[in-house]
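Residues are numbered in my numbering as their position in the sequence shown, beginning at 1, plus a constant of 358. A short worksheet on the structure shown next.
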Amino acid sequence: MNVTHLKLLLFVCVITILHACQSQKPQTWVFIMAGQSNMAGRGIVEPQDTVTNPRILTIDSLGKVIKAKEPLHFYEPSRVGLDCGLAFAKTLLPKVPDNVTIMIIPTAVGGSSMSQWLGDSLYRNVKLLSNFKEKVAIGKQHGEIKAILWHQGESDANERSIEAYPSKIPQLLATFRSIVQNDSLPVLMGELGSYSNNNDYWQMVNTAIREYATTDQNVSVIGTQDLIHKGDTVHFNSAGQREIGKRFANAYRRMVK
């Protein structure tokens with residue numbers, strides 16, 4: 359083997375080693391939860407929902423990174439409950455590389471409307487869009503924002519708000535993506551529940567998000583027609599929240615294949 363071939367072989371070996379080291383460098387995948395009460399969670403937290411994993415993280419009310427356990431949301435202390443976040447992370451974790459940690463960051467506030475999000479309204483002591491920006495910044499300090507999990511629409515499912523709702527979806531998603539600085543950021547959207555006595559406006563919200571998803575290849579909508587409410591005909595029960603988390607995780611995997 360001449361000197362030139364030896365140098366080439368050494369160069370290839372070095373590049374291969376560097377690539378292998380880079381691929382094993384610890385990474386944090388960050389997912390932002392946003393919307394209103396069915397994203398904030400109103401299910402009953404059970405022991406299975408409080409089991410932690412060192413590779414699944416979140417933040418507390420002070421922005422400190424902690425191991426994730428339910429309840430994740432903290433903006434409405436008297437209303438906290440089980441959301442879909444931990445189930446999402448637990449479902450996704452076995453499917454990601456071993457060097458990846460998942461961080462789920464809560465920003466949802468119960469009762470918030472699309473207009474309040476777009477207008478950065480102060481709602482239940484939270485400036486919705488400003489808080490979202492702040493949490494995105496925290497997420498970026500620790501890793502890469504991979505997707506937004508969105509569930510909202512009950513507050514817009516009425517005669518006054520429904521007409522403008524379809525046009526506000528692309529506005530808000532464009533705003534979110536601008537904040538994250540990723541025009542192709544995946545957004546996972548959950549349908550409102552299809553409970554037996556809910557009104558036609560709820561289905562109009564679902565139609566709006568499904569129709570928008572046909573125009574945006576980076577949006578995926580998960581169905582909830584078979585899930586059950588907790589007895590109030592508004593909020594998913596605990597089993598429903600866990601299933602939503604699983605569906606969000608599976609939808610994300612399909613999007614990024």
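Glycine included, C-beta positions come from ideal geometry on N, C-alpha and C. Remember, predicted model here, so these are calculated numbers, not experimental data.
Among residues of its own chain, excluding the 5 on either side of R413, which ones have a beta-carbon nearer than 8 Å to its beta-carbon?
The residue labelled residue 413 in the question sits at position 55 within the sequence shown. So the qualifying residues of the chain are L451, V458, T459 and I460.
Within this structure, are the beta carbons of E517 and V592 separated by less than 8 Å?
Numbered from 1 along the sequence shown, position 159 holds the residue referred to as residue 517. Numbered from 1 along the sequence shown, position 234 holds the residue referred to as residue 592. Cβ distance not < 8 Å, so E517 and V592 don't count as in contact.
Looking only at its chain, what residues have a beta carbon closer than 7 Å to the beta carbon of K453, apart from the 5 residues adjacent to it on each side?
By one-based count along the sequence shown, residue 453 stands at place 95. Only R611 meet the Cβ criterion.
Distance check for N564 and V467, CA to CA, integer angstroms please.
Position 109 of the sequence shown, counted from the first residue, corresponds to residue 467. Position 206 of the sequence shown, counted from the first residue, corresponds to residue 564. In a straight line, the C-alpha of V467 is about 20 Å away from that of N564.
Report the rounded CA-to-CA distance for R605 versus H500, giving the unit in angstroms.
Here residue 605 refers to the residue found at position 247 of the sequence shown. Here residue 500 refers to the residue found at position 142 of the sequence shown. Their backbone Cα atoms lie some 25 Å apart in a straight line.
Which runs of the beta strand (DSSP E) spanning at least 3 residues fall entirely within the stretch 548-604, listed in chain order?
The qualifying runs are 577-580.
Of the choices V403, A607, T386 and A392, whose alpha-carbon is the least far from that of N595?
Counting from one through the sequence shown, the residue named residue 595 turns up at place 237. Selected option, being the one with the closest Cα: V403.
Return the chain-ordered ranges of every alpha helix (DSSP H) run that is complete within the stretch 449-516 and spans a minimum of 4 residues.
Taking only runs of at least 4 residues, the alpha helix (DSSP H) segments lying wholly in the stretch 449-516 are 472-476 and 486-500.
What are the boundary residues of the beta strand (DSSP E) that includes V388?
The count along the sequence shown starts at 1 and reaches residue 388 at position 30. Segment Q385 to G393, the beta strand (DSSP E) holding V388.
How many angstroms separate the CA atom of S479 from the CA atom of I586?
As a working note, residue 479 is residue 121 in the sequence shown. As a working note, residue 586 is residue 228 in the sequence shown. Rounded to the nearest angstrom, the two C-alpha atoms are 31 Å apart.
For M391, which of T410, S436, K422 and A445 has the nearest alpha-carbon?
Taking the first residue of the sequence shown as position 1, residue 391 is located at position 33. For M391, the nearest C-alpha among the options comes from A445.
Could you have a look at G401 and say whether DSSP puts it in helix, strand or coil?
Counting from one through the sequence shown, the residue named residue 401 turns up at place 43. In this structure, G401 counts as strand in the three-state DSSP scheme.
How many Å lie between I580 and Q510 at the Cα?
For the purposes of this step, residue 580 is identified with residue 222 of the sequence shown, where counting begins at 1. For the purposes of this step, residue 510 is identified with residue 152 of the sequence shown, where counting begins at 1. The alpha-carbon atoms of I580 and Q510 are separated by roughly 13 Å.
Measuring from the CB of E549, is there a heavy atom of the ligand GDP at a distance below 7 Å?
As for the ligand GDP, it is missing from this structure, which has no ligand bound.
Could you please give the first and the last residue of the uninterrupted alpha helix (DSSP H) stretch that includes T410?
Position 52 of the sequence shown, counting from 1, holds the residue named residue 410. That residue, T410, is in no alpha helix (DSSP H); it is neither H nor E in DSSP.
Would you identify the three-state DSSP class for L444, choosing helix, strand or coil?
Taking the first residue of the sequence shown as position 1, residue 444 is located at position 86. The answer is helix: DSSP assigns L444 an H, G or I state.
Using the three-state DSSP reduction, which class does L546 fall into: helix, strand or coil?
Position 188 of the sequence shown, counting from 1, holds the residue named residue 546. Strand at L546.
If you run the structure through DSSP and keep just helix, strand and coil, what is V438?
Within the sequence shown, residue 438 is the residue found at index 80, counting from 1. Reduced to three states, the DSSP call for V438 is coil.
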